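Each residue of the sequence shown is one higher than the one before, starting from 1 at the first, in the UniProt record's numbering.
Built from N, CA and C at the ideal position, the CB exists for glycine as well.
Everything numeric in this text was worked out from a predicted model, so none of it was measured.
Structure first, commentary second.
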Amino acid sequence: MLEDLVVVFLLISLLCVSANCISLYLTFFLHLIPVNPVREDGLNPKSRKRIMPDLLTEPPAIDPVYEAHVYCNIPTIAERSMEGHAPHYFKLVSVQVLIRHGDRYPLYAIPKTKRPDIDCMLLPSRKPSHPQLEAFIKHMSKGSAAQMDGSLSSLARYPSHSLCEMGELTQTGEFP
Numbered sequence: 001m002l003e004d005l006v007v008v009f010l011l012i013s014l015l016c017v018s019a020n021c022i023s024l025y026l027t028f029f030l031h032l033i034p035v036n037p038v039r040e041d042g043l044n045p046k047s048r049k050r051i052m053p054d055l056l057t058e059p060p061a062i063d064p065v066y067e068a069h070v071y072c073n074i075p076t077i078a079e080r081s082m083e084g085h086a087p088h089y090f091k092l093v094s095v096q097v098l099i100r101h102g103d104r105y106p107l108y109a110i111p112k113t114k115r116p117d118i119d120c121m122l123l124p125s126r127k128p129s130h131p132q133l134e135a136f137i138k139h140m141s142k143g144s145a146a147q148m149d150g151s152l153s154s155l156a157r158y159p160s161h162s163l164c165e166m167g168e169l170t171q172t173g174e175f176p
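See the structure below:
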């Protein structure tokens, strides 16, 4: 096939000398580049891959709690992968550091599961606790005397509700 292209190229270049023929030659030459034929069903006839969509068994039911455990890093299990081993032609473009401290209420609700029973009230009697938590609560309760900006005045000054918001720090997370 390549020999045919070279012969056609030589014939056209010998016949055409003007600028019009050169543009015709380029167009003609570009259209002669061989392409693998594609069948009507969209598959390449030379492909050796065979996809077998017929499953012998039903796929297992997805357990959202199991998936959450797999997705999250478990502190007691050391994960080993390819850290520090990259091909020589890779280049470090950026580094992102994410620091998330403490115990938090989940960031997202897992479908078809009930909300975790986590209390977000700050109680000095509950452990872990900070020695100055009671004084902090008394101080923050004086909200009317504090000069708060208009947009901030509607927000809670400290967690004083039993139903946690998504991603909210719990007392365990605030005082480890």
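Identify which residue in the options has its Cα closest to the Cα of residue i.
i, options, result
"Ile137", "Pro159, Glu168, Leu107, Asp103", "Pro159"
"Met121", "Glu165, Ser94, Asp63", "Glu165"
"His139", "Arg157, Asp117, Glu168, Asp103", "Arg157"
"Arg104", "Ser162, Ile110, Val93, Ile118", "Ile118"
"Ala109", "Pro87, Lys142, Leu133, Ala68", "Ala68"
"Ser162", "Glu58, Ala135, Arg115, His88", "Arg115"
I'd like to know whether the C-beta atoms of residue i and residue j end up nearer to each other than 8 Å.
i, j, result
"Lys60", "Thr113", "Residue identity differs from the one stated: residue 60 is Pro in this sequence, not Lys. Against a cut-off of 8 Å, the Cβ pair of Thr113 and Pro60 comes out as no contact."
"Thr170", "Pro128", "no"
"Gly167", "Leu98", "no"
Leaving out the 5 sequence neighbours to the left and right, which residues in its chain are closer than 7 Å to residue i when beta-carbon positions are compared?
i, result
"Val93", "none"
"Val6", "In this prediction, Val6 has a pLDDT of 42, which is less than 50 and means its spatial position is unreliable; what the coordinates show is noted afterwards. Within the same chain, Val6 has no close Cβ partners at all."
Leaving out the 5 sequence neighbours to the left and right, which residues in its chain are closer than 8 Å to residue i when beta-carbon positions are compared?
i, result
"residue 181", "Outside the shown range of the chain (1 to 176) lies residue 181, about which nothing can therefore be said."
"Pro111", "Pro64"
"Glu58", "none"
Unbroken stretches of the alpha helix (DSSP H), 4 residues or longer, contained in the stretch 120-160: List check, alpha helix (DSSP H) in window: 133-141.
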